[in-house]
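Below is one structure; the comments refer to it alone.
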Ligand code: HEM
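Residue numbers (this note's numbering): 9 to 435.
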């Protein structure tokens, strides 16, 4: 089909306009749930009936384990720790470090992208790794190791696509990608386990997530195993690295297509940063930049499909949902419902003014999910992305080449390369 599978998904959303419909993804035919009232039922009021156990998720579990990426007691032990480690209060304490990492990463980017285009996805991935390294690992690994780890996790995730698309094939039946998966996970373990071991022996009280996981206890009061901690770290990479890098890439393409918006972001950055480096307290003052990021995440919701399985028979709206049915929640499609988003395809950061947000259904916007599994990295990503935009635009003119559409994968990467060039601003 012209436009690829993403067009199919968009078409299903347009046809349904919020009603519960079947999504035809080859042999996989889940129910698509997009209306905010239905999301209220599945993610909040009736959430105990809807779990992650979707077959596609089981394939992912081979990589990310049964801690934060799972359900039940293992998930809970990790969730409490990670939520605390990424909460607003904690980010206030670690904010100085995050802002300093953003500043350093932007300078490195500017060095490479000086008057010659660099690949935006590659560079945003590198930038994200620079910022997450101290937050995840307390900088126990080098920048190069963090990049390598990210690459291997991406390879492992990519090689699972066949198994995710055909979850009914048992693990003992060989499939394409198996060998790459094994090799990548072996490398990940070879890299991670010594770091975990060293960190455990140091017994540190660091504010980084690895230290937090090592201090965590399960419901029986036992420390989490090295395997559990390692899989949680991998899950953090899977959940937080590619989604962040791609969202930042789409932000640059949107700013390039909307120069008046870019000029306003720059004006705000000039006022707030006043020529200096970004600081954590700037995030609150960069109000319009925050709205721009929110609008980028409305149109480019990296979590285009969030699966759940019904434990017992239920109804969503007027549609019967037998036990065992897979539901797919799609923030990407909810964010395109004309009932809640007039002219849904128009890029308009004004949609995120305080009054507009107050008056909208609270579940019309959920780029970070909602309910028990809502993203633990939300506040962190907002801080990181707002500071990156402000730090770059206050000092550089940004030229973006290529204007691709997204392609359906685990997230939504651009179909073709996006080039970024940074030139120091003339004042
Ligand atoms: C643009 C950036 C991001 C987007 C769009 C995003 C989106 C999401 C979504 C939709 C979920 C819910 C999944 C579900 O309901 O099953 C989620 C969960 C999660 N995210 Fe993010 N995320 C982002 C960044 C991050 C970052 C930076 C981190 C790490 C610090 C992170 C860590 C997690 C974790 C650990 C979960 C699982 C939470 C749980 O199951 O309790 N995310 N994310």
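Just so it is clear, CB atoms sit at the ideal spot from N, CA and C, and this is done for glycine as well.
{"Check": "What are the start and end residues of the alpha helix (DSSP H) that includes residue 109?", "Outcome": "96-120"}
{"Check": "Judging by CA-CA distance, which residue of 34, 80, 35 is the nearest neighbour of residue 56?", "Outcome": "80"}
{"Check": "As a quick exercise: from 224, 367, 214, 246, pick the residue whose alpha carbon is nearest that of residue 98.", "Outcome": "214"}
{"Check": "According to the neighbour-count rule (16 or more other Cβ atoms, all chains shown, within 10 Å of its Cβ), is residue 386 buried or exposed?", "Outcome": "exposed"}
{"Check": "With DSSP collapsed to three states, give me the class of residue 374.", "Outcome": "coil"}
{"Check": "Using the DSSP secondary-structure output, state which residues sit across from residue 350 in a beta bridge.", "Outcome": "Answer by DSSP bridge pairing: none, since residue 350 is not bridged."}
{"Check": "Return the CA-CA distance between residue 33 and residue 338, expressed in angstroms with no decimal places.", "Outcome": "14 Å"}
{"Check": "Tell me the DSSP bridge mates of residue 409?", "Outcome": "427"}
{"Check": "Helix, strand or coil for residue 355? Go by DSSP, reduced to three states.", "Outcome": "coil"}
{"Check": "Residue 8 lies in the beta strand (DSSP E); which residues open and close that run?", "Outcome": "With the chain covering only 9 through 435, there is no way to say anything about residue 8."}
{"Check": "Three or more C-beta pairs under 8 Å: does that hold for the stretch 393-412 against the stretch 102-111?", "Outcome": "yes"}
{"Check": "So residue 323 is in the beta strand (DSSP E); what residue range does that whole segment cover?", "Outcome": "322-324"}
{"Check": "As a quick exercise: from 361, 247, 54, pick the residue whose alpha carbon is nearest that of residue 323.", "Outcome": "54"}
{"Check": "From the DSSP output, read off the bridge partner residues of residue 226.", "Outcome": "Looking at the DSSP assignment, residue 226 forms no beta bridge with any residue, so it has no partner."}
{"Check": "Which runs of the alpha helix (DSSP H) fall wholly inside the stretch 154-236 and span at least 4 residues, in chain order?", "Outcome": "169-173, 186-210, 217-223"}
{"Check": "Assuming residue 393 contacts residue 259 under a Cβ cut-off of 8 Å, what Cβ separation, rounded to an integer in Å, is found between them?", "Outcome": "7 Å"}
{"Check": "Cβ atoms of residue 220 and residue 84: under 9 Å apart, would you say?", "Outcome": "no"}
{"Check": "For residue 177, count neighbouring C-beta atoms within 10 Å of its own C-beta (all shown protein chains included) and say buried if the count is 16 or more, exposed if not.", "Outcome": "exposed"}
{"Check": "Can you check whether the CB of residue 242 is closer than 9 Å to the CB of residue 72?", "Outcome": "yes"}
{"Check": "Helix, strand or coil for residue 317, going by three-state DSSP, please let me know.", "Outcome": "strand"}
{"Check": "Pick out whichever of 165, 26, 296 has its Cα sitting closest to the Cα of residue 274.", "Outcome": "296"}
{"Check": "Look at the alpha carbon of residue 370 and the alpha carbon of residue 422, and state the distance between them as a whole number of angstroms.", "Outcome": "29 Å"}
{"Check": "Exposed or buried, what is residue 122 when buried is set at 16 or more other beta-carbons lying within 10 Å of its beta-carbon?", "Outcome": "exposed"}
{"Check": "Would you decide whether residue 334 is buried or exposed? Buried here means 16 or more other CB atoms lie within 10 Å of its CB.", "Outcome": "buried"}
{"Check": "Are residue 203 and residue 245 touching if we call contact CB-CB under 9 Å?", "Outcome": "no"}
{"Check": "Report the rounded CA-to-CA distance for residue 160 versus residue 326, giving the unit in angstroms.", "Outcome": "44 Å"}
{"Check": "From the DSSP secondary-structure annotation, give me the bridge partner or partners of residue 126.", "Outcome": "428"}
{"Check": "Is any heavy atom of the ligand HEM found at a distance shorter than 8 Å from the C-beta of residue 243?", "Outcome": "yes"}
{"Check": "Indicate whether the contact test is met: 3 or more Cβ pairs, each with one atom in the stretch 409-429 and one in the stretch 252-267, closer than 8 Å.", "Outcome": "yes"}
{"Check": "Who are residue 414's beta bridge partners in DSSP?", "Outcome": "422"}
{"Check": "Can the beta-carbon of residue 17 be found less than 9 Å from the beta-carbon of residue 340?", "Outcome": "yes"}
{"Check": "Do residue 376 and the ligand HEM come close, with the Cβ less than 8 Å from some heavy atom?", "Outcome": "yes"}
{"Check": "At the level of alpha carbons, what is the spacing between residue 70 and residue 165?", "Outcome": "10 Å"}
{"Check": "Hey, would you say the C-beta of residue 262 is under 8 Å away from at least one heavy atom of the ligand HEM?", "Outcome": "no"}
{"Check": "Could you pull the start and end residues of the beta strand (DSSP E) that residue 327 belongs to?", "Outcome": "327-329"}
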